[in-house]
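**Student:** So the sequences go chain by chain: P and H.
When you line the first sequence up against this note's numbering, it's residues 1 to 192, in that order.
When you line the second sequence up against this note's numbering, it's residues 193 to 439, in that order.
Positions of the beta carbon are idealized from the N, C-alpha and C atoms, including for glycine.
Keep in mind that this is a model prediction, so the values were computed, not measured.
First the structure, which I've put down as structure tokens, then a few questions once you've had a look.
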Amino acid sequence: MLKSKTDEQLVELAKSGDSEAFGEIVRRWERKIFALSFGMLGREDDAGDAAQEAFIAAYRNLKNFRGEAKVSSWLHRIAVNQCLTTKRRQKTRAEDFLDAEDGSEERAFVASPLLSPAKKAEKAERMVLVRQAVGALPTDLRQVIVMKEFEEMTFLEISETLELPLSTVKSRLYTALKQLRMKLERTPVEVV
Amino acid sequence: MLTNGNKKKCGFEDEIVSYLYDETGAVGRRNFESHLMDCSACTDEFAAVSNARFAVFEWQKEEFAQLATPRIVIPYEPRADLATAVEPVGFLAGLRGLFDFPRLPMGLAAAALVIGLGIGLVIVTTSGDEQMASNSHLIIPDAPSAVSDRPVQASVPTVNSGDPNEIAANPVSNEPVNRKIRPVKVAENRRSNPGRQIGAVSRQPAIKASNLSLNKTQKAPVLSSYDDSDDKSLRLTDLFNDGGGTE
Numbered sequence: 001m002l003k004s005k006t007d008e009q010l011v012e013l014a015k016s017g018d019s020e021a022f023g024e025i026v027r028r029w030e031r032k033i034f035a036l037s038f039g040m041l042g043r044e045d046d047a048g049d050a051a052q053e054a055f056i057a058a059y060r061n062l063k064n065f066r067g068e069a070k071v072s073s074w075l076h077r078i079a080v081n082q083c084l085t086t087k088r089r090q091k092t093r094a095e096d097f098l099d100a101e102d103g104s105e106e107r108a109f110v111a112s113p114l115l116s117p118a119k120k121a122e123k124a125e126r127m128v129l130v131r132q133a134v135g136a137l138p139t140d141l142r143q144v145i146v147m148k149e150f151e152e153m154t155f156l157e158i159s160e161t162l163e164l165p166l167s168t169v170k171s172r173l174y175t176a177l178k179q180l181r182m183k184l185e186r187t188p189v190e191v192v
Numbered sequence: 193m194l195t196n197g198n199k200k201k202c203g204f205e206d207e208i209v210s211y212l213y214d215e216t217g218a219v220g221r222r223n224f225e226s227h228l229m230d231c232s233a234c235t236d237e238f239a240a241v242s243n244a245r246f247a248v249f250e251w252q253k254e255e256f257a258q259l260a261t262p263r264i265v266i267p268y269e270p271r272a273d274l275a276t277a278v279e280p281v282g283f284l285a286g287l288r289g290l291f292d293f294p295r296l297p298m299g300l301a302a303a304a305l306v307i308g309l310g311i312g313l314v315i316v317t318t319s320g321d322e323q324m325a326s327n328s329h330l331i332i333p334d335a336p337s338a339v340s341d342r343p344v345q346a347s348v349p350t351v352n353s354g355d356p357n358e359i360a361a362n363p364v365s366n367e368p369v370n371r372k373i374r375p376v377k378v379a380e381n382r383r384s385n386p387g388r389q390i391g392a393v394s395r396q397p398a399i400k401a402s403n404l405s406l407n408k409t410q411k412a413p414v415l416s417s418y419d420d421s422d423d424k425s426l427r428l429t430d431l432f433n434d435g436g437g438t439e
């Protein structure tokens, strides 16, 4: 019965104390929010913590949701803010994307077994570079490219979620890809 | 035409990303492909943007796609602010809250207790009234047509023969036998006015057919032709007369 309700209806039910309704919201959006968090932060454990904190913050601020924006927009805004808070916390602990150069942090990258060791190393290095390059993008550009590549949203969905015109979304994505290209071209990958 | 310094733009920037992510229509795709054939700058730009996009796509596929979604745990604690915002305060609200679904058993138990007390009170009251009614043995008929209007002097024996000596020799029951007895419609009165008879002190003797000692051979006097000389009953004045008998 809850599956047939819209996000806005579920939020109204959750505001009146229906925890099952909020649980349905979590089930619908947990993968996308986790993907957004991973793209913004670059690490699985950080992304998991940020997604958890984002949903808890959303639950605690249900009364502040007035229905003027879409629930997806509201959740994305909370998640991005949570990611920025996590990143600031990491900087105060001198942990950022640059630490990934030594490869000591936990990484989910698993190279194909068909690749040679050299190729595997090259690929691993490239992943680090891409992660760093995306992490170095401005927040508004990074969010658009993460929503496109990790959440696999269409331009129209991104436009509705971020409450931006369609042309602005396309323009931001184009700018983000251009900056990524320049960063990746400046940092050549050394093959060991 | 898109230059290296981006000073002169073709106006196809938005089309590059739309074509890159295959979100352009068939007409838009044909137009852009035909433009790429004529514009080397746009072709180079498209190639560079594609490489950057592919790098991110590869990163997502290699490091994120196989990750399991972490379990999100929400601490669903009762929130006083939401509760107070939603539920009004007051006696009626509290009464209504008793019959809310989570607390329905409590509300039902309270309602059952009240009903049980009420039934018990009614039973006690009715049993007390019935006890009083059974002790009095008399029932008041409330309708005028119930019984005879003549007061019944149950304590005064009446004998048709009239001789005081016979009275002494043949004591009769205290029930009057020499008068016309109209059957008392006790049952009807009880049915029609049950409340009337509960607790009422009856003034009419309950006359039963078995108690009647009517001499069927004796004929009841007709009151219209009744003469004092025919009256053989014992009167109070007779008791004070020396000779007794009738005057």
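Name the chain H residues whose beta carbon is nearer than 7 Å to that of residue 78(P)?
**Tutor:** Sequence index remark: in the first sequence, residue 78(P) carries index 78 (1-based). Correct list: empty, because the minimum Cβ distance to chain H is about 13 Å.
**Student:** Should residue 230(H) go down as buried or exposed, given a rule of 16 or more other Cβ atoms within 10 Å for buried?
**Tutor:** In the second sequence, the residue the question calls residue 230(H) occupies position 38. When all chains shown are included, residue 230(H) counts as exposed.
**Student:** Along chain H, which residues have their Cβ under 9 Å away from the Cβ of residue 73(P)?
**Tutor:** Against the first sequence, residue 73(P) aligns to sequence position 73. Those within 9 Å of residue 73(P) in chain H number zero; the least Cβ separation is about 19 Å.
**Student:** Compare the beta carbon distance of residue 137(P) and residue 179(P) with 8 Å and say whether it is the shorter of the two.
**Tutor:** Position 137 of the first sequence, counted from the start, is the residue given in the question as residue 137(P). Position 179 of the first sequence, counted from the start, is the residue given in the question as residue 179(P). Result yes, Cβ atoms of residue 137(P) and residue 179(P) sit closer than 8 Å.
**Student:** How far does the alpha helix (DSSP H) with residue 253(H) in it extend, from its first residue to its last?
**Tutor:** Locating residue 253(H) in the second sequence gives position 61, counting from the first residue. Taken as a continuous stretch (DSSP letters only), the alpha helix (DSSP H) holding residue 253(H) covers 232 to 255.
**Student:** Skipping 5 residues on each side, what residues in its chain have a beta carbon closer than 7 Å to that of residue 201(P)?
**Tutor:** There is simply no residue 201(P) to check, as chain P begins at 1 and stops at 192 in what is shown.
**Student:** Any contact of the segment 157 to 171 of chain P with the segment 225 to 243 of chain H, i.e. 3+ C-beta pairs under 8 Å?
**Tutor:** no
**Student:** For residue 34(P), which residues from the same chain have a beta carbon less than 8 Å from its beta carbon, with the 5 sequence-adjacent residues on both sides left out?
**Tutor:** By one-based count along the first sequence, residue 34(P) stands at place 34. Closer than 8 Å at the Cβ level, and outside the excluded window around residue 34(P), lie 47, 48 and 51.
**Student:** Report the residue from 89(P), 78(P) and 174(P) whose alpha carbon sits nearest the alpha carbon of residue 29(P).
**Tutor:** To locate residue 29(P), count along the first sequence from 1; it is residue 29. Considering only alpha carbons, the answer is 78(P).
**Student:** In the segment 142 to 159 of chain P, which residues sit with their C-beta less than 8 Å from some C-beta in chain H, listed in chain order?
**Tutor:** Per Cβ criterion, the list reads 145, 148, 149, 150, 154 and 155.
**Student:** Measure the alpha-carbon distance for residue 124(P) versus residue 117(P) and round it to whole angstroms.
**Tutor:** For this step, residue 124(P) is matched to residue 124 along the first sequence. For this step, residue 117(P) is matched to residue 117 along the first sequence. Rounded to the nearest angstrom, the two C-alpha atoms are 10 Å apart.
**Student:** Do residue 249(H) and residue 185(P) have their C-beta atoms closer together than 8 Å?
**Tutor:** The residue given as residue 249(H) occupies position 57 in the second sequence. The residue given as residue 185(P) occupies position 185 in the first sequence. No. Outside cutoff.
**Student:** To the nearest angstrom, how far is it from the Cα of residue 355(H) to the Cα of residue 429(H)?
**Tutor:** Against the second sequence, residue 355(H) aligns to sequence position 163. Against the second sequence, residue 429(H) aligns to sequence position 237. With a pLDDT of 46 at residue 355(H), under the threshold of 50, the modelled position of that residue is not reliable, and the figure given next carries that caveat. Residue 355(H) and residue 429(H) have their alpha carbons spaced roughly 15 Å apart.
**Student:** So is residue 305(H) buried or exposed if we call it buried at 16+ other beta carbons inside 10 Å?
**Tutor:** For this step, residue 305(H) is matched to residue 113 along the second sequence. Counting Cβ neighbours within 10 Å, residue 305(H) comes out exposed, since fewer than 16 surround it.
**Student:** Based on Cα-Cα distance, which residue from 205(H), 213(H) and 204(H) lies nearest to residue 155(P)?
**Tutor:** Against the first sequence, residue 155(P) aligns to sequence position 155. Looking at the Cα atoms, 213(H) is the closest of the given residues.
**Student:** In angstroms with no decimal places, state the Cα-to-Cα distance between residue 9(P) and residue 31(P).
**Tutor:** Along the first sequence, one-based indexing puts residue 9(P) at 9. Along the first sequence, one-based indexing puts residue 31(P) at 31. Rounded to the nearest angstrom, the two C-alpha atoms are 21 Å apart.
**Student:** Cα separation between residue 147(H) and residue 2(P)?
**Tutor:** As shown, chain H starts at 193 and ends at 439. That puts residue 147(H) outside it, with no answer to give.
**Student:** Considering residue 198(P), what are the terminal residues of the alpha helix (DSSP H) in which it resides?
**Tutor:** The structure shown does not extend to residue 198(P), since chain P is modelled only from 1 through 192, so no value can be given for it.
**Student:** Please name the residue in 203(H), 247(H) and 218(H) whose C-alpha comes closest to that of residue 132(P).
**Tutor:** Reading the first sequence from its first residue, position 132 is the one you call residue 132(P). Comparing Cα positions, the closest option is 247(H).
**Student:** So, at 6 Å on beta carbons, what are the nonlocal neighbours of residue 72(P) in its own chain, with the 5 sequence-adjacent residues on each side left out?
**Tutor:** To locate residue 72(P), count along the first sequence from 1; it is residue 72. Same-chain partners within the cutoff: 161.
**Student:** How would you label residue 91(P), buried or exposed, when you count the other beta carbons within 10 angstroms and need 16 or more for buried?
**Tutor:** Walking along the first sequence from the start, residue 91(P) turns up at place 91. It is exposed - the Cβ of residue 91(P) has fewer than 16 other Cβ atoms within 10 Å.
**Student:** Answer yes or no: does any C-beta atom of chain H fall closer than 8 Å to that of residue 13(P)?
**Tutor:** Counting from 1 along the first sequence, the entry for residue 13(P) is found at position 13. Residue 13(P) does not count as touching chain H.
**Student:** Looking at residue 209(H) and residue 59(P), is the spacing between their C-beta atoms short of 8 Å?
**Tutor:** In the first sequence, counting from the first residue as 1, residue 59(P) sits at position 59. In the second sequence, counting from the first residue as 1, residue 209(H) sits at position 17. Their beta carbons are not under 8 Å apart, which means residue 59(P) does not touch residue 209(H) by this criterion.
**Student:** Between the segment 237 to 254 of chain H and chain P, which residues of the former have CB atoms less than 9 Å from a CB of the latter, in chain order?
**Tutor:** 237, 240, 241, 242, 243, 244, 245, 247, 248, 249, 250, 251, 252 and 254
**Student:** Is the beta carbon of residue 170(P) closer than 8 Å to that of residue 236(H)?
**Tutor:** Here the question's residue 236(H) lines up with position 44 in the second sequence. Here the question's residue 170(P) lines up with position 170 in the first sequence. Going by C-beta atoms, residue 236(H) is not nearer than 8 Å to residue 170(P).
**Student:** First and last residue of the alpha helix (DSSP H) that includes residue 179(P)?
**Tutor:** Residue mapping note: residue 179(P) aligns to position 179 of the first sequence, counting from 1. Its alpha helix (DSSP H) spans residues 166 to 186.
**Student:** Taking C-beta to C-beta, are residue 240(H) and residue 181(P) nearer than 8 Å?
**Tutor:** For the purposes of this step, residue 240(H) is taken as the residue at position 48 of the second sequence. For the purposes of this step, residue 181(P) is taken as the residue at position 181 of the first sequence. Yes, the Cβ-Cβ distance between residue 240(H) and residue 181(P) is below 8 Å.
**Student:** Counting along the chain, where does the alpha helix (DSSP H) carrying residue 22(P) start and finish?
**Tutor:** Sequence index remark: in the first sequence, residue 22(P) carries index 22 (1-based). 19 to 41 is the span of the alpha helix (DSSP H), which, as asked, contains residue 22(P).
**Student:** With 16 as the cutoff for other CB atoms within 10 Å, does residue 134(P) come out buried or exposed?
**Tutor:** Locating residue 134(P) in the first sequence gives position 134, where the first residue counts as 1. Answer is buried; the Cβ neighbour count reaches 16.
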